[in-house]
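Before any comments, here is the structure.
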Amino acid sequence: QVQVVESGGGLVQPGGSLKLSCSASGMQFSLYVMGWYRQVPGKQRELVATITSGGSRDFGDFVSGRFTISRDNARNLVYLQMNDLKPEDTAVYYCNARHSLSNSFYWGQGTQVTVAA
Numbered sequence: 002q003v004q005v006v007e008s009g010g011g012l013v014q015p016g017g018s019l020k021l022s023c024s025a026s027g028m029q030f031s032l033y034v035m036g037w038y039r040q041v042p043g044k045q046r047e048l049v050a051t052i053t054s055g056g057s058r059d060f061g062d063f064v065s066g067r068f069t070i071s072r073d074n075a076r077n078l079v080y081l082q083m084n085d086l087k088p089e090d091t092a093v094y095y096c097n098a099r100h101s102l103s104n105s106f107y108w109g110q111g112t113q114v115t116v117a118a
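For the sequence shown, my numbering gives the first residue as 2, with consecutive numbering after it.
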């Protein structure tokens, strides 16, 4: 079965950096658009970034060049490099895998990112 597992969250100071990883299994990875979303309590989950198997990327408006998404198609991994983190980036970050043809999708369990002094 398909599994999507995030790792790499934690506590970081404002202005710091953090790299999240997402490991996917049970799928033909090249057929999936991989993405990162985030959610804070009481608010809707929002797009952070997505990447296709060919490397096309999309970002949420708030990213403003601070985050980079990449993927390793040979190892079924997706990364989110976050720089210049702000307290408002504090959220649970979720990895998402969406099939590029059927649009079926899967979520990971989420990883907490806290930006605080």
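Even for Gly, the Cβ is constructed at its ideal location relative to N, Cα and C.
Residue closest to residue i, alpha-carbon to alpha-carbon, out of the options
i: Trp-108; options: Lys-20, Ser-24, Gly-17 and Gly-16; result: Ser-24
i: Asn-104; options: Pro-42, Ser-18, Tyr-33 and Gly-27; result: Tyr-33
i: Leu-102; options: Gly-9, Ser-54, Ala-75 and Arg-39; result: Ser-54
i: Phe-60; options: Ser-26, Met-35 and Gly-16; result: Met-35
i: Thr-112; options: Arg-99, Gln-2, Trp-37 and Ser-57; result: Trp-37
i: Phe-68; options: Gln-4, Asp-85 and Ala-117; result: Asp-85
i: Gly-9; options: Gln-82, Asn-74 and Phe-30; result: Gln-82
Residue i (DSSP reduced to helix, strand or coil)
i: Asp-85; result: coil
i: Ser-22; result: strand
i: Phe-63; result: coil
i: Leu-32; result: helix
CB-CB length for residue i against residue j, believed under 8 Å
i: Tyr-80; j: Ser-22; result: 6 Å
i: Val-13; j: Val-116; result: 6 Å
Min CB distance residue i to chain D below 7 Å
i: Gln-4; result: Looking at the structure shown, chain D is missing, and only one protein chain is on hand.
With 16 other Cβ atoms within 10 Å as the buried cut-off, status of residue i
i: Arg-76; result: exposed
i: Asp-90; result: buried
i: Val-41; result: exposed
Start and end residues, beta strand (DSSP E) containing residue i
i: Asn-104; result: Neither: Asn-104 is in no beta strand (DSSP E) and is coded neither H nor E.
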